[in-house]
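Colleague: After the structure tokens below, expect a handful of questions from me.
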Amino acid sequence: MPESVAPSWTGPLQGIRVLDFTRVLAGPAASLALADLGAEVWKIEPPGTGDDTRTFPPFRENVSHYFLSGNRGKKSIVIDLKTEAGVALAKDLAAKCDILVENYRPGVMDRLGLGYETLSAINPRLIYCAISGFGMTGPLRDQPSFDIVVQALSGALSVNGEPGRLPIKLGIPLGDLVGGINGPIGILAALYERSVTGRGRLIDVSLFDGLIGMLGYLAQLAFFTGEDPKPQGSQHPNLVPYGAFPAKDGSIIIACLTNAFWGRICEALGMPERTQDPNFDTLEKRRNSRAAVNDMIAAFTAQKSVHELVDLFTQYQVPHAPILGVLEALSQPQAVAREIVVETDHAVLGKIPIINRPIQFPADRQPIPSAPPVLGQHTDEILRDVLGLSSKQIEALRASKTVA
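One point on numbering: in our numbering, the residue at position 200 of the sequence shown is 1046, and numbering is uninterrupted.
Next comes the structure, spelled out in structure tokens:
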């Protein structure tokens, strides 16, 4: 780290406190974004196993890969919310916080005595973000939700996969991760609003709503045609060529968004005459001749290596990309230049690689995020420094198994 970097500077949300009642993926993704932006996130975990993902294999030294992936930069405090004393501690912490994030089913936090109405009466400035599968209203409100369920019900799964085959779940769990996008957007908007009104508010984030919102032009296409868009594999429903093509040693993506790019592709293939071919010279004609266009390009790319194709398409300025595995993607020169992977010190594992914050602020270089916490790593620190409890009081809470 350069000497000019201030180790205490972590982002524009420095000084903002987040009470984090989330677990698994959708909620932790939201609080992770806030931690990445500099907020102090207190992850409230139940005694015993903590966040469910701490039990998800594979492990290294009993530490789950899954938990590590979504909890960098957070602090862990163990509180038993099934006890009156535990709920009282949670209320005391809420009084000291700016933001609360939870992803229980609607009504659970109310039954615990930690619902929005209760906590906003204690702290009117509290921004309370509730993330759930289907939101606080509607016939599916109380139904359990998983990533694949949201993908199926939103229509996203129906357009993923190869033509003529069963739809395939998105490889990235976007049905859950959309909560990590829309949750912070709502929270940051509410933070701005609070700077004007002085009051917080309740935010209702539905994963179902969010993934439908990500259908984008596919929803509008359905409105236009009155038909369901079909799976296209890695191809585009209206643009050709667009998708994966074979190489001798792998595969490569080619994306032709305009006629100008079509001319460059034809030049790269050594077939400049195809640019003006009346069968292929418009977007509509290429879409209607998809198989012929794709077969022509595939016959060419299959004779060359990925490296040769990258060089060729770079020369002719054809939009393209080699299809990389995860390890290669994380180690490619662009990722290295952007410092996407960094090392941090974990309390059990020692130095470990983690994904760095995805948003950068060029005027101020941020220090490396702290490692995901071990269970209860910060219980004493938070109770002592935030609530002002003495060692004796903390020992009593631990003896009663209210905290751990």
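Glycine residues also receive a C-beta, built at the ideal position from the N, C-alpha and C atoms. Bear in mind the structure is a predicted one, so any value in this text is a computation, not a measurement.
Using C-beta distances below 7 Å, list every residue in its chain close to I1228, excluding the 5 sequence neighbours before and after it, in chain order.
Modeller: W888, K921, I923
Colleague: Does the beta-carbon distance from G1046 to I973 come in below 8 Å?
Modeller: yes
Colleague: What does the alpha-carbon distance come out to for the pair M847 and P1213?
Modeller: Here the model assigns M847 a pLDDT of 34, short of 50, so the residue's position is not dependable, and the following value carries that caveat. If you take the alpha carbons of M847 and P1213, they lie about 7 Å apart.
Colleague: Please report how far the alpha carbon of A1167 lies from the alpha carbon of N917, in whole angstroms.
Modeller: 31 Å
Colleague: Alpha carbon to alpha carbon, what distance is there between F1069 and A931?
Modeller: 54 Å
Colleague: Assuming R1133 contacts N1084 under a Cβ cut-off of 8 Å, what Cβ separation, rounded to an integer in Å, is found between them?
Modeller: 6 Å
Colleague: Let me confirm a value: R1203 is counted as buried when at least 16 other C-beta atoms fall within 10 Å, else exposed. Which label applies?
Modeller: buried
Colleague: Buried or exposed: which applies to V851, given that a residue is buried once 16 or more other Cβ atoms fall within 10 Å of its Cβ?
Modeller: Bear in mind that a pLDDT of 43 at V851, under 50, signals an unreliable position, so the number given afterwards is only what the model happens to contain. Its Cβ having fewer than 16 others within 10 Å, V851 is exposed.
Colleague: Do the CB positions of G1258 and V1005 come within less than 8 Å of each other?
Modeller: With the chain covering 847 to 1250 only, the question about residue 1258 has no answer from this structure.
Colleague: Taking G1021 as the reference, which of G896, L1061, P1118 has the closest Cα?
Modeller: L1061
Colleague: Where does S915 sit, in a helix, a strand or coil, going by DSSP?
Modeller: helix
Colleague: Ignore the nearest five residues each way along the sequence and tell me which others in K1131's own chain have a CB closer than 7 Å to its CB.
Modeller: So the qualifying residues of the chain are N1125.
Colleague: Measuring only the C-alpha atoms, how far is A1101 from E1154?
Modeller: 17 Å
Colleague: For K989, I'd like the list of residues in its chain whose CB is within less than 8 Å of its CB, leaving aside the five on either flank, ordered along the chain.
Modeller: First, the residue type needs correcting, since residue 989 is Gln and not Lys in the sequence shown. Excluding positions up to five away in sequence, the list reads G979, F980.
Colleague: Helix, strand or coil for C1112? Go by DSSP, reduced to three states.
Modeller: In this structure, DSSP gives C1112 a helical state, which the three-state scheme calls helix.
Colleague: With DSSP as the reference, please indicate the residues paired to H1082 in a beta bridge.
Modeller: H1082 is not bridged to any residue.
Colleague: With which residues is A1325 paired in a DSSP beta bridge?
Modeller: Any answer about residue 1325 is impossible in this case: the structure gives the chain only from 847 up to 1250.
Colleague: Can you tell me whether DSSP reads D898 as helix, strand or coil?
Modeller: D898: helix per DSSP, three-state reduction.
Colleague: Rounded to the nearest angstrom, how far is the Cβ of V864 from that of E891, given a contact under 8 Å?
Modeller: Not confirmed; about 14 Å, so no contact.
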